Ligand SMILES: Nc1ncnc2c1ncn2[C@@H]1O[C@H](COP(=O)(O)OP(=O)(O)O)[C@@H](O)[C@H]1O
Ligand SMILES: [Mg+2]
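Residue numbers (my numbering), protein chains in the order written: chain G, 498 to 750; chain C, 512 to 813.
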């Protein structure tokens, strides 16, 4: 194992985040605060409690989820795409480091960053609303599991992409819509029956639901189904990345 | 021992273009090998295959007896690469980018060694500068420093002096010679013949994906080179008889006699004694050796 190599990539990626701290940390925090002002205070005051939880508090897990999904995907897709774009990838390709180790470096860094941002948002929101976390360990476990899974997904996008537009494509056309429709801002039970059924095809529903369960103890779907669905997606991403490296797809000519 | 052993190596790119055709090549440990060829000959392709950046189609590449794919971790840890294009992380500090390279190659951190590399490449004062603030020549030296940061046994330089000014080029040559003294094998590509002539122990010439010749620099010059004997007279002379006999070229008050580098027969002394026998006085004699440039052009013509 080239542990030092993984470390080198990890440190490089983390220092990039701290160098661009305004973009990587301040901007997600700012947009979360805006959500709170708009949805929590302005609109939320007219919405009833959901499952006995005040609407503003109900929002918190959904917002954290929205942010870490986007952060994970964009952090790692950009992390691996940029060296391809700038040409510095040559060094990683010529180093004694395996594809698995390269993936670890980028994915752990991206996941760490989104976990940090997620926790910062959680702390920020505690200034606005009352939050209690019923199952803190589960909350952390889900935060880590989901961050790693979607960082891996983003890594695959970054390898597949051959221009900047493609990096944006999947986050803005798939992740964001699915998260908005995935119960970040409402409970699936509030939908008409038909749309509830449709929602169960949206994988993000399971993530948001499980994450909210770790806060308030009630959920739209069973937490175990949620974890199973996440692990399934993680497995799929691992399979995909293994396949990509095996064929050298889009990295080596 | 051979540092690099390449057997029957072929490369076709995805678009079907055959960039390398049955390459066989060995580079000896501790030598400076220059691969010389025009643009598009396949020099970068060859280096990139050896270093793991490009996939080969078939054939075999060995680094100190180890297969560069089956044992890639071992072979790559022995290799440092300076690619043709400058590609750096603009916002990184020089020292951090070296630490990154060293870590990537699984070497224990060593501030002392990195300082030594920076000093020997005249970059020490820029240690804590962001790379984007450096000049082009400094950036290229940073790339060399990165390649050396993990103490490689073989250094690959793909056109290291393309677009580099004359004084920096000379400095770099001196540096590479010093590096050679420490036992590092150096493989460089260039299309400057002067560079190969100044630097290399052995030279390979590649054209259109094929290696045309590999030989010691001195052998190439001897085998394929010519010498010119130039005799200058102080007045116009009539030499028609001698001129025909020795196939001399006459330009004004000069005659030029061209002969093989190796063919050490008596032509030169015969010519000179014939001149004196005929009481033809000459003012000056000059000998010109052909350089690699002419040999190169002659080879590519074939
Ligand atoms: N990715 C690629 N796909 C198709 N052809 C390529 C690719 N890279 C290089 N080539 C072609 O292969 C030939 C050799 O290129 P290269 O090795 O870069 O030459 P050199 O370094 O000697 O100038 C050129 O004709 C070039 O156009
Ligand atoms: Mg080239």
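Quick reminder that beta carbons are idealized off the backbone N, C-alpha and C, glycines included.
If you're wondering where the values come from, they're calculated on a predicted model, not measured in any experiment.
Residue i: contacting residues in chain C (beta-carbon distance under 8 Å)
| i | result |
| --- | --- |
| residue 589/G | 615 |
Contact check, residue i vs residue j, beta carbons under 7 Å
| i | j | result |
| --- | --- | --- |
| residue 671/C | residue 699/C | yes |
| residue 628/C | residue 656/C | yes |
| residue 522/G | residue 574/G | no |
| residue 713/G | residue 561/G | no |
| residue 569/G | residue 607/G | yes |
| residue 502/G | residue 615/C | yes |
| residue 716/C | residue 534/C | no |
| residue 600/C | residue 585/G | yes |
| residue 531/C | residue 548/C | no |
| residue 618/G | residue 529/G | yes |
| residue 735/G | residue 602/G | no |
| residue 714/C | residue 545/C | yes |
| residue 668/G | residue 571/G | yes |
| residue 811/C | residue 718/C | yes |
| residue 806/C | residue 735/C | yes |
| residue 640/C | residue 675/C | no |
| residue 754/G | residue 548/G | A query on residue 754/G cannot be resolved here, the shown segment of chain G reaching from 498 to 750 and no further. |
| residue 589/C | residue 665/C | yes |
| residue 558/C | residue 697/C | no |
Residues sharing a beta bridge with residue i, DSSP
| i | result |
| --- | --- |
| residue 641/C | 604/C |
| residue 618/G | The partner list for residue 618/G (beta bridge, DSSP) is empty, contrary to what the question assumes. |
| residue 698/C | 544/C and 667/C |
| residue 606/G | Its beta-bridge partners do not exist; DSSP assigns none. |
| residue 520/C | 534/C |
| residue 726/C | 714/C |
| residue 737/C | 771/C |
| residue 550/G | 547/G |
| residue 571/C | 518/C |
| residue 525/C | None, per the DSSP bridge assignment. |
| residue 798/C | 740/C |
| residue 591/C | 666/C |
| residue 761/C | 766/C |
| residue 461/C | A query on residue 461/C cannot be resolved here, the shown segment of chain C reaching from 512 to 813 and no further. |
| residue 577/C | 574/C |
| residue 721/C | 718/C |
Test: residue i CB closer than 7 Å to a CB of chain G
| i | result |
| --- | --- |
| residue 592/C | yes |
| residue 560/C | no |
| residue 574/C | no |
| residue 565/C | yes |
Proximity test, Cβ basis, 7 Å: residue i and chain C
| i | result |
| --- | --- |
| residue 499/G | yes |
| residue 509/G | yes |
Closer than 7 Å at the beta carbon, the chain G residues around residue i
| i | result |
| --- | --- |
| residue 670/C | Per Cβ cutoff of 7 Å: no residues; residue 670/C is ~14 Å from chain G at best. |
Neighbour list for residue i in chain C, Cβ cutoff strictly below 7 Å
| i | result |
| --- | --- |
| residue 505/G | 611, 614 and 615 |
| residue 516/G | 602 |
Interface residues of chain C facing residue i [CB-CB closer than 9 Å]
| i | result |
| --- | --- |
| residue 583/G | 598, 599, 600 and 601 |
| residue 594/G | 584, 587, 615, 616 and 617 |
| residue 502/G | 614, 615, 616 and 617 |
Closer than 8 Å at the beta carbon, the chain G residues around residue i
| i | result |
| --- | --- |
| residue 524/C | 750 |
| residue 657/C | 588 |
Just checking, does the region 616-636 of chain G make contact with the region 590-603 of chain G on the three C-beta pairs under 8 Å criterion? no
Do the region 518-535 of chain C and the region 565-572 of chain C make contact, defined as three or more Cβ pairs closer than 8 Å? yes
Using 8 Å as the threshold, is the region 542-558 of chain G in touch with the region 615-628 of chain G, meaning 3 or more CB pairs across them? yes
Can you confirm whether the region 587-596 of chain C touches the region 656-667 of chain C when touching is taken to mean that 3 or more C-beta pairs between the two stretches lie within less than 8 Å? yes
Give a yes or no on contact between the region 785-796 of chain C and the region 717-728 of chain C, applying the rule of three or more CB pairs nearer than 8 Å. no
With a cut-off of 8 Å, do at least 3 Cβ pairs link the region 603-620 of chain C to the region 680-687 of chain C? no
For the structure I just gave you, are there three or more beta carbon pairs, one from the region 597-611 of chain G and one from the region 640-652 of chain G, closer than 8 Å? yes
Examine the Cβ distances between the region 700-713 of chain C and the region 752-765 of chain C and report whether three or more of them are shorter than 8 Å. no
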